[in-house]
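J.:
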Amino acid sequence: MLCVSILLGFYFFVLILFSLISHPVYYCGFLVVNSLISSLICYYIFGFSWYSLIFCLIYVGGVYILFVFVSVHSPNNSFNIYISLNEIFVILLVLVFFIFGSILVYGSLFIEFSSFLCTLFEGNFYIIMCLTLLFGFALLSIIMSVKFNYYR
Numbered sequence: 068m069l070c071v072s073i074l075l076g077f078y079f080f081v082l083i084l085f086s087l088i089s090h091p092v093y094y095c096g097f098l099v100v101n102s103l104i105s106s107l108i109c110y111y112i113f114g115f116s117w118y119s120l121i122f123c124l125i126y127v128g129g130v131y132i133l134f135v136f137v138s139v140h141s142p143n144n145s146f147n148i149y150i151s152l153n154e155i156f157v158i159l160l161v162l163v164f165f166i167f168g169s170i171l172v173y174g175s176l177f178i179e180f181s182s183f184l185c186t187l188f189e190g191n192f193y194i195i196m197c198l199t200l201l202f203g204f205a206l207l208s209i210i211m212s213v214k215f216n217y218y219r
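Here our numbering runs 67 ahead of the position in the sequence shown, where the first position is 1.
See the structure below:
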């Protein structure tokens, strides 16, 4: 369960990063990363991939429509990065959350009967399919954010 602790710490780290950005394309990228992390957490906890696949599809498919709408109606800003003292404090706070999330130990039982639901390699196949779907969403977001030529 150490892997779940590390994934939860990274999940909270990416959630904090949402407050440091303002561009919708970056929001979509962080959404994809968070859905992958949450799907991996579900996969490690439940032991099979159906819950993680459904969770990933609902999470990305439902919220992604809002980000595409916002990215279509917002202008293309430059990608300049300005770091202030407050943001450095937030980054240090995020690192503390990440370390705290990695230290947490979950005392759950390892009794599960997922071998009846799917084989050993089926979970990896569904994760690859989710990655393909998320890559398509990210590519669609990049194409929809272009405001010149004939992309839209």
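The C-beta atom is built at its ideal place from N, Cα and C for all residues, glycine as well.
What do you get for V163, buried or exposed, if any count of 16 or more other CB atoms within 10 angstroms of its CB means buried?
T.: Exposed: under 16 other Cβ atoms inside 10 Å.
J.: So, for Y78: in the same chain, excluding its five sequence neighbours on each side, which residues have a beta-carbon less than 6 Å away from its beta-carbon?
T.: Correct list, in chain order: I104.
J.: Which first and last residues belong to the alpha helix (DSSP H) in which I73 is found?
T.: In the DSSP assignment, I73 falls within the unbroken alpha helix (DSSP H) covering L69 to L84.
J.: How about M196 and L84: do their beta carbons lie closer than 9 Å?
T.: Between M196 and L84, the CB-CB gap reaches or exceeds 9 Å.
J.: By alpha-carbon positions, which one of S86, L201 and I209 ends up nearest to V100?
T.: L201
J.: Whole angstroms are fine: how far does the CA of C109 sit from the CA of L69?
T.: 14 Å
J.: If you check the beta carbons only, do I88 and F97 fall under 9 Å apart?
T.: yes
J.: Count the other CB atoms within 10 Å of the CB of L176; is the residue buried (16 or more) or exposed (fewer)?
T.: Low confidence applies here, because L176 scores a pLDDT of 44, under 50, leaving its location unreliable; read the following figure in that light. Burial call: exposed.
J.: Suppose the cutoff is 7 Å on Cβ atoms and the five residues either side in sequence are ignored; what does the same chain contact list for E154 look like?
T.: L87
J.: My output table needs one value for G114: the three-state DSSP class, helix, strand or coil.
T.: coil
J.: Identify whether M211 lies in helix, strand or coil by the three-state DSSP scheme.
T.: helix
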